[in-house]
Amino acid sequence: MSDDDTISLGLESLKGFLGKSTQFILGFIGTVLFARILGPTSFGGFYFLLSLVNVFDNPLRGLSVALEKRVSEAESASGEILGGVLLVQLVVFTCAAVLVFAFGDLLTAETNVANAPLVFFALFVSINLFLVTQHHLSGHGHPALQIWTDTLRSVLTIVLQLAFVLYGLGAAGMGYGLAAATILTVPVVQYVLPLRPKFPTKETARSVWRYARYSIPNAMMGTAFSRLDILLIAFFITTGAAGQYETAYKLTMPATLLSMAIAPALLPKVSKIHSKGEDVSADISNAIAFSSALAIPIFFGALSISEGIVVTVYGGEYRAAATLLVGLAFYQILNTQTTMYGRAVNAIDLPDVNLRISMATLAVNVILGIALVFTYGSLGVVIATIVAEFLRYVLYIAVVKQYELGVNVFPRTLFEQFLAGLVMFAVVELANARLPIRSSTDLLVIIGTGAIVYGLTLVTISSNLRAVLRSVYSDVLS
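Numbering-wise (my numbering), the sequence shown opens with residue 4 and increments by one.
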């Protein structure tokens, strides 16, 4: 069971945000570095391979979600739950080894990554072992610790990837570096929170399966949705175009820092409260109110200076990513909202609802994406993703109303963020007219100006934000 019945959502989110911010900075440095060293084709080939890993590891990813949910409940046999999950992983790893090497030549040809079967298998095993430890930490009421162990992995990843790439292994070196860093982090989690797996009883296995039968296909839908863009672009266009997409996508990742910090704390807290039959509306409403606080200004910033950002950061050969950046930034506003709803729906034991929503949105994304890629190229794929994510958003709101959770789906704070974003947009447009972006210094000045304007405007007009900041400050002091 969770070790803490009173997780502070604000404090855990703050600690998680610091960890996620560190991860982003490291990841961003790595992305710029490797994009320039490898070029769009090799860089895109690696992320195509990683996307395939993320698609095929979905059954185990969904099983890890079931582990987190059951461990977080008021009464649970966490050792048995962990033991059962590890047994399933062992069987899947064995089957994966046979399949990946049987289709090794095809994998290498499609991704342009040397030794693709070995890279794929190393990533598949290491990532899934790491996921189990992460969800175990979160389920036991340590969401910020979960994020900081992932931050440690990010530090190791960039160091090892750089070493392998400079050694001459190319895109495969990025895979070896990520796999090595991931597996090296697992013992650290074992030290922080000793994992003592036990052989599961039938009742424990049934309990996990009752949740996993929905969380597994839901994970498959979710990951397929999140990586569908790059898969479609790499398959129907080129891996070079996939590299353009990936650079734009990476630039929007700061938009998710708050939502990714809040999400790990939201599920165990709401799950524990719900398992006691208590009201969960306040925590879910607060999560929705603040999850897009970074996504909104990033969208307005991209709308104003997308080409300046892309060319300054990655170089002129990635100029085509500028238009994609605007679309993906808008998508992240929707994504940061639906992430909160998805975690909340899982927490109140409705994985079947999440599954149906994921199936509907994935179907729309696939059909529309294939239809638009031939007409509009990569931009058509992004448009399809935005439409599908908006559908997910509408469906989640309908679920919240249907189950009468009392959640405020359109909080005042969210509208205040849009107002602050519009003010920032006007200032950035004026600043860019006076100071065209010709160097990284120009870019930093304009981005810094926009951030200050957005922050000051939001603090001034939002009484709810000021109250939350005071509450978190009090939690830090205590």
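Yeah, the Cβ is synthetic: ideal placement off N, Cα and C, and Gly gets one too.
Computed from a predicted model, the values in this text were never measured in an experiment.
Check: DSSP three-state label for S477, please.; Outcome: helix
Check: Where does the unbroken alpha helix (DSSP H) through G180 begin, and where does it stop?; Outcome: 173–195
Check: Is E206 helix, strand or coil when you go by DSSP?; Outcome: helix
Check: Consult DSSP for V412 and reduce its assignment to one of helix, strand or coil.; Outcome: coil
Check: For S466, is the classification buried or exposed, using 16 other Cβ atoms within 10 angstroms of its Cβ as the cut-off for buried?; Outcome: exposed
Check: Spell out a yes or no on whether the segment 246–258 and the segment 31–38 are touching, meaning 3 or more CB-CB pairs, one atom from each, closer than 8 Å.; Outcome: yes
Check: Starting from R359, follow the alpha helix (DSSP H) in both directions and report where the run begins and ends.; Outcome: 354–379
Check: Would you call the CB atoms of L260 and S45 closer than 8 Å?; Outcome: no
Check: How should F309 be labelled, buried or exposed, when 16 other C-beta atoms within 10 angstroms of its C-beta is the threshold for buried?; Outcome: Here residue 309 turns out to be Ser, not Phe, going by the sequence shown. Counting Cβ neighbours within 10 Å, S309 comes out buried, since at least 16 surround it.
Check: With a CB to CB cut of under 6 Å and the five nearest residues on each side skipped, what residues in its chain are close to L234?; Outcome: S54
Check: From V410, N368, A374, R415, pick the residue whose C-alpha is nearest to that of F393; which is it?; Outcome: N368
Check: Across the segment 213–227 and the segment 356–364, are there enough close Cβ pairs to call them in contact, namely three or more that are closer than 8 Å?; Outcome: yes
Check: State the DSSP-derived secondary structure class of S229, mapped to helix, strand or coil.; Outcome: helix
Check: Pick helix, strand or coil for G318, following the three-state DSSP scheme.; Outcome: coil
Check: Assign E407 to one of three DSSP states: helix, strand, or coil.; Outcome: coil
Check: Looking at T136 and V189, is the spacing between their C-beta atoms short of 8 Å?; Outcome: yes
Check: Starting from S289 and walking both ways along the alpha helix (DSSP H), at which residues does that stretch end?; Outcome: Inspection of the sequence shows that residue 289 is occupied by Asn rather than by Ser. Unbroken alpha helix (DSSP H) run through N289: 284–293.
Check: Ends of the alpha helix (DSSP H) at L331?; Outcome: 324–350
Check: Just list the alpha helix (DSSP H) runs in the segment 27–78, keeping only unbroken ones of 4 residues or longer that don't cross its boundaries, in chain order.; Outcome: 61–75
Check: From what residue to what residue does the alpha helix (DSSP H) around S443 run?; Outcome: 443–464
Check: Rounding to the nearest angstrom, what Cα-Cα distance links D6 and L269 in this structure?; Outcome: Low local confidence applies: a pLDDT of 48 at D6 is under 50, so the model's placement there is unreliable, and no value is given.
Check: By a C-beta neighbour count over all protein chains shown, 10 Å radius and 16 as the cutoff for buried, is I449 buried or exposed?; Outcome: buried
Check: How many angstroms separate the CA atom of V431 from the CA atom of V94?; Outcome: 54 Å
Check: Using alpha carbons as the reference points, say which of S295, F239, Y406, G225 lies closest to P257.; Outcome: S295
Check: Pick from P300, L353, Y50, D352: whose alpha carbon is nearest that of V122?; Outcome: Y50
Check: Mapping the DSSP letters down to three states, classify A112 as helix, strand or coil.; Outcome: helix
Check: For I240, which of helix, strand or coil comes out of DSSP?; Outcome: coil
Check: Helix or strand or just coil, what does DSSP make of R469?; Outcome: helix
Check: Taking a contact to mean a Cβ-Cβ separation below 8 Å, would you say T204 touches E71 in this structure?; Outcome: no
Check: Taking the Cβ atom as the reference point for each residue, do G47 and T242 lie within a distance shorter than 8 Å?; Outcome: yes
Check: Apart from the five residues on each side of it in sequence, which residues of its chain come closer than 6 Å, Cβ to Cβ, to Q420?; Outcome: A296, I299
Check: Measure the C-alpha to C-alpha separation of A332 and I301 and round it to an integer number of angstroms.; Outcome: 7 Å
Check: Report yes or no: do three or more beta-carbon pairs, one from the segment 56–65 and one from the segment 125–133, lie closer than 8 Å?; Outcome: yes
Check: With three or more C-beta pairs closer than 8 Å as the rule, is the segment 110–122 touching the segment 162–180?; Outcome: yes
Check: At the level of alpha carbons, what is the spacing between L89 and F377?; Outcome: 43 Å
Check: Tell me, please, whether the segment 154–164 touches the segment 206–218 by the rule of three or more beta-carbon pairs shorter than 8 Å.; Outcome: no
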